[in-house]
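Chains as they are written, first to last, in our numbering: chain P, 1 to 448; chain R, 449 to 740; chain H, 741 to 1039. Where is the CB? At the ideal position from N, CA and C, for every residue including glycine. One structure below.
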Amino acid sequence: MFQTRNFSRRRVLQGAGLLVGGLLLPGKAPAQGGAKRLAGVTLNVSTFSAPFPKILIKWLPEFEQLTGAKVVYDTPSFPVYNQRADLELSTGGSAYDVVNVTFIYSSRWINAGWLTPLDDFIRDPNKTPADWDVDDFLPGLRAPETGKDGKLYGIPWSVDTFISAAARFDLFKDAGLGFPDTTDDLFDTLKATHGKDKVAGFVTDNHYGWSFVPFLQAFGGNVFRNPPDDLTPVLDTPEAIAAAEYFARIVKDFGPNGAISYTPDQVVKALQSGRVNYSAIGQTYLAQLGDSGSKVAGTSAFGLAPRGPAGRFPGVAVHGLGIPAASKNKEAAWTFIQWALSKQNTRRALVEENLASPTRRSDFESPEFKTSSTINGYDIAGIVRESIDISAKGGYMKYRTVPVYPQVDQQLNKAIANIASGQLSARQAMEQAQAGSIAELKRAGVAL
Amino acid sequence: MTDITDIIRFRSGNAPLALRWPTQRFLVRVGLHVLVAVLALMVLLPFLWLVQMSLRPEDEIFSDAVLFTPTLENYRALWQGNFAGSFLNSLAVSSLSTGLSLLLGVPAAYVLTRWRFKGRARVALWILTTRMAPPIAFTIPFFLAYRVLGLQDTVWGLALIYMTFNLSIVIWFMQTFFAAIPESLEEAAWIDGCGVWRAFWLVTLPLAAPGLAATAVFCFIFSWSDFFYALILTRTNAMTAPVAIVNFLQYEGWEWGKIAASGTLVMLPVLIFTLLVRKYFVHGLTAGGLKE
Amino acid sequence: MPGTLSWEASRRRAYLTGLVPALVVLAVITVVPTLFLAGASLTPLSLVDPASLFDFSNPLRNYAELLHDPRFLGSLVMQLQLSALTVTLQLAVGLGLALLLNVRSSFFEAIRTVFLIPMVLPPIVVALIWKIIYTPDVSPLHRFLDFVGLPADSFITSASTALLAVAVADTWQWFPFTMLMILATLQMIPNEPLEAAKIDGANHWQTFRYIIFAYIRPALIVSGLFRLIDSFKAFPLIYVLTDGGPGSATEVTNYYAFVQAFNFSYWGYASAIAIVLLTGVFTLSWAAGRLGWNGDEGE
Chain P
1 MFQTRNFSRR RVLQGAGLLV GGLLLPGKAP AQGGAKRLAG VTLNVSTFSA PFPKILIKWL
61 PEFEQLTGAK VVYDTPSFPV YNQRADLELS TGGSAYDVVN VTFIYSSRWI NAGWLTPLDD
121 FIRDPNKTPA DWDVDDFLPG LRAPETGKDG KLYGIPWSVD TFISAAARFD LFKDAGLGFP
181 DTTDDLFDTL KATHGKDKVA GFVTDNHYGW SFVPFLQAFG GNVFRNPPDD LTPVLDTPEA
241 IAAAEYFARI VKDFGPNGAI SYTPDQVVKA LQSGRVNYSA IGQTYLAQLG DSGSKVAGTS
301 AFGLAPRGPA GRFPGVAVHG LGIPAASKNK EAAWTFIQWA LSKQNTRRAL VEENLASPTR
361 RSDFESPEFK TSSTINGYDI AGIVRESIDI SAKGGYMKYR TVPVYPQVDQ QLNKAIANIA
421 SGQLSARQAM EQAQAGSIAE LKRAGVAL
Chain R
449 MTDITDIIRF RSGNAPLALR WPTQRFLVRV GLHVLVAVLA LMVLLPFLWL VQMSLRPEDE
509 IFSDAVLFTP TLENYRALWQ GNFAGSFLNS LAVSSLSTGL SLLLGVPAAY VLTRWRFKGR
569 ARVALWILTT RMAPPIAFTI PFFLAYRVLG LQDTVWGLAL IYMTFNLSIV IWFMQTFFAA
629 IPESLEEAAW IDGCGVWRAF WLVTLPLAAP GLAATAVFCF IFSWSDFFYA LILTRTNAMT
689 APVAIVNFLQ YEGWEWGKIA ASGTLVMLPV LIFTLLVRKY FVHGLTAGGL KE
Chain H
741 MPGTLSWEAS RRRAYLTGLV PALVVLAVIT VVPTLFLAGA SLTPLSLVDP ASLFDFSNPL
801 RNYAELLHDP RFLGSLVMQL QLSALTVTLQ LAVGLGLALL LNVRSSFFEA IRTVFLIPMV
861 LPPIVVALIW KIIYTPDVSP LHRFLDFVGL PADSFITSAS TALLAVAVAD TWQWFPFTML
921 MILATLQMIP NEPLEAAKID GANHWQTFRY IIFAYIRPAL IVSGLFRLID SFKAFPLIYV
981 LTDGGPGSAT EVTNYYAFVQ AFNFSYWGYA SAIAIVLLTG VFTLSWAAGR LGWNGDEGE
């Protein structure tokens, strides 16, 4: 008798426990429809810190809710990301499932076979919905993500074009000057306005292998003699030295305290708070001048990258999301990539978060992009489009997709830093960069 | 023992302390205390600045105001991110590494103290030089080996490479503690029929217990503080707190409040442990460092 | 029973069981990697081409290249400069503070604990603290300098001050080490020679020079050598404060090896640099051993 009562009480308690436990378990409640395909999977994503990854991190709970996966999203700074990713990919590591295919490394990584081809994932109707439309991504942006074998290894998520902006255009106007178009104009304008109202003249990010090259080419110089066929570095030509001297001068003379340590994010913060006036840097950063926290939305002006004696050479860089060859969760990784770059989400990033670097044609040509990228009456979308056209016609960006460019990129970083910090003259620094690049290329097995 | 007041005494003549120029001596003594206190404050200033920054609300980081209402918001924000995981990793790796090093090192230290064999000095020298090598020398071969063995980005992998410095620390420190215990006590145990290791366990180890505790703490501190090995050999699974801090430094926006909070959190265990073993610091540093 | 031959034999066996595991583990984790490193330094190993690990066609190529690599040679100069700076500063500050704190009182004992703090902080936290101090936007130092009308350029982006800035941070971290070692020796100086000197009418500079200095000289040498050996390992400060810059102004040899190894996976070349570093460190350790630090009397 006693036992029966206990038994039935225990039964009731057990049943109650199961019911409560079942309700508490996430994602297993029967009320939710649809299977959680990736339940129990931990996805490791890593890209360098940039506006779009920040938006993705914000939306991660939605992805996790949708698929049941857990996402760990790591966003180191650009140089640290590249170093870690390169090390991981080169040793066949599986620490990351989704990586950023950095523009300057894309050739190196793709053609060494360190990434997974994505064509099969795209074609498989079970893995990718039909309306995902890979062709909507601008062909020019898919090109650097394609290997020599014609397969696609990355889906572009960002196109960064080198444009220029003045956060305190009113100071230029007060000095009776307009928006500088040529490198000479720029120098004169900076000289006239640097320091006025406690605002420094010029700042750009210290990745000089990116921010210096438009000036290098504008002065008639180049990185390699004739990429991709002739990879002899030509960093010590008179034009290159003149460009280096000019660039280092505006960085040092017209920059804020500690200018050569400024990362892109510091540049944005400095511009937004009105501490520095002019910058030439990627539009994904300059578009943030119109953000709600920015003090300079009403005084900004925008324009193309400066034109030099040899012409205008705005830099264009494409970054994509890819899957390492050794990843253990390739399907889950692809689910993440196609979610992040779906038509809905890219349009949402544009509209809700004012993302300024769309890679889909549908987004690029949408009226929303035009409105969201107009700041203070300036049509940034138009400037970006024009820059991309110039780059497509000129073909001068070929230097950047050479597999051994990263080594030269670092030589340029050091060279400009050396000139701007007064350690070497422009001639000495560029000659050192030239010798260093040749040594690095030899060490990487390139025949010169 | 000589101290500054003795030196002052003999500059002012040989009169006993109580009589000659008592006011002068008092003032000098007070001045000395003040000077030392000021110096201590100056030395602490950078460290205190970090702590106060961690308590500052984010929007007041750049403000010039000296006073502010302290907030724990930075710490709260930290704990919700990945930082908690890296903190636990640090804990796991440090404990594991300390345990392993003690297990292997304590008996070895005992043997080196008691057994005077030929070549002993050379072995002792080798053990110490292992600690001197720059970490880069070990990371390259270890990285490749771990890739093959699958120990990359694991807690065990880190604990293993930490033995390159912890093992020699254990042996070096424990040697001096064991040397202070008279052999006669062990010999008495041997005469009573105990084996070498039984005697060690029953007699020597309890006497050396304070030294053992101090050594364990040192191993923990050194493991906790390592940066280079963790930077190279961990990615996401086994990332330790120092590496997580560097990740913060490179996040955009330069969230100084969170950065300062993470720094303060990482140094807290070390500070607490140091206070516990501060007596042994001098002992550990100088023991074996100088001929007496 | 102790004293018998069988006892001695069993004792020796017991000792071996205690010692050998540690030695074996130590050998595996230190000697084997070093041999591998030496081997890799003879190859052009680069991870883009893993087979190059076995390419011994031109064994000394890396070393030959090192001799002509201006960045490497520059790094050696930087390393020597940094080491000289840090050791001198740490000995000077340590000596000064040790002399000052050499008073037997509970107040001074407590203060000594305060001075310990910089040394026990994790190096990355020290790097963080000084990064804040050296970043003009948030630095109390820069704010103070602005306040007194001496605005200064960022110390870590100016080539002439970058190395000094790193040295100052390093000294702040490690002066307690030299201070404690010197203090311990000072406290062991017996009274008799000092009394004798006083009776002979020596002034306190003479006392310092002829008596105190003789006693603390071993501590100065030993702590100096320790700090010298450790200075070759400088990493977190440089990584956080300057990243080897501006340009290559703070790119010491250890850092250069790191850059070569982990930026483009030139492991053959980096191994050669590491071997050069190791040789330097071992030579110094041997010198330290000869100067009687190894804790054994007369062996």
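Residue closest to residue i, alpha-carbon to alpha-carbon, out of the options
i, options, result
"residue 239(P)", "319(P), 222(P), 252(P)", "222(P)"
"residue 675(R)", "834(H), 949(H), 973(H), 967(H)", "973(H)"
"residue 149(P)", "177(P), 107(P), 123(P), 393(P)", "107(P)"
"residue 241(P)", "173(P), 425(P), 92(P), 259(P)", "425(P)"
"residue 762(H)", "622(R), 710(R), 557(R), 563(R)", "557(R)"
"residue 585(R)", "1005(H), 749(H), 998(H), 748(H)", "998(H)"
"residue 102(P)", "391(P), 115(P), 93(P), 270(P)", "115(P)"
"residue 953(H)", "968(H), 970(H), 926(H), 935(H)", "926(H)"
"residue 411(P)", "764(H), 787(H), 798(H), 811(H)", "811(H)"
"residue 380(P)", "356(P), 227(P), 361(P)", "356(P)"
"residue 688(H)", "777(H), 860(H), 775(H), 906(H)", "Nothing in the structure corresponds to residue 688(H), since chain H is present only between 741 and 1039."
"residue 583(R)", "971(H), 751(H), 991(H)", "971(H)"
"residue 550(R)", "537(R), 678(R), 661(R), 517(R)", "661(R)"
"residue 981(H)", "752(H), 858(H), 869(H)", "869(H)"
"residue 139(P)", "44(P), 321(P), 392(P), 401(P)", "392(P)"
Buried or exposed by the 16-neighbour rule on C-beta atoms within 10 Å, applied to residue i
i, result
"residue 100(P)", "buried"
"residue 495(P)", "What the structure shows of chain P is the stretch from 1 to 448, and residue 495(P) is not part of that stretch, so it cannot be assessed."
"residue 876(H)", "buried"
"residue 1026(H)", "exposed"
"residue 352(P)", "exposed"
"residue 850(H)", "exposed"
"residue 211(P)", "buried"
"residue 178(P)", "exposed"
"residue 930(H)", "exposed"
"residue 153(P)", "buried"
Through-space distance from residue j to residue i, alpha-carbon basis
i, j, result
"residue 207(P)", "residue 83(P)", "14 angstroms"
"residue 112(P)", "residue 89(P)", "10 angstroms"
"residue 346(P)", "residue 690(R)", "35 angstroms"
"residue 724(R)", "residue 657(R)", "14 angstroms"
"residue 760(H)", "residue 427(P)", "60 angstroms"
"residue 819(H)", "residue 696(R)", "29 angstroms"
"residue 889(H)", "residue 963(H)", "39 angstroms"
"residue 663(R)", "residue 899(H)", "41 angstroms"
"residue 339(P)", "residue 59(P)", "11 angstroms"
"residue 635(R)", "residue 778(H)", "46 angstroms"
"residue 750(H)", "residue 606(R)", "37 angstroms"
"residue 29(P)", "residue 37(P)", "For residue 29(P), the pLDDT reaches just 38, beneath the cut-off of 50, and the residue's location in the model is therefore unreliable, although a value from the coordinates is still provided. C-alpha separation (whole angstroms): 15 angstroms."
Whether residue i touches residue j by CB criterion (8 angstroms)
i, j, result
"residue 162(P)", "residue 395(P)", "no"
"residue 613(R)", "residue 665(R)", "no"
"residue 251(P)", "residue 420(P)", "yes"
"residue 684(R)", "residue 95(P)", "yes"
"residue 865(H)", "residue 714(R)", "yes"
"residue 444(P)", "residue 301(P)", "no"
"residue 867(H)", "residue 986(H)", "no"
"residue 385(P)", "residue 182(P)", "no"
"residue 333(P)", "residue 98(P)", "yes"
"residue 837(H)", "residue 919(H)", "yes"
"residue 478(R)", "residue 861(H)", "no"
"residue 279(P)", "residue 296(P)", "no"
Chain A contact for residue i (CB, 8 angstroms cutoff)
i, result
"residue 1003(H)", "Going by chain labels, chain A is absent from the structure shown, which instead holds the protein chains P, R and H."
Open item on the list: My parser needs the alpha helix (DSSP H) runs of 4 or more residues fully inside the segment 780-815 of chain H; what are they?
Closed with: 801-808
Open item on the list: So within the segment 887-975 of chain H, which uninterrupted beta strand (DSSP E) runs reach at least 3 residues, ignoring any that extend past its ends?
Closed with: none
Task: Whole alpha helix (DSSP H) elements within the segment 219-294 of chain P, 4-residue minimum - done: 238-253, 264-272, 283-286
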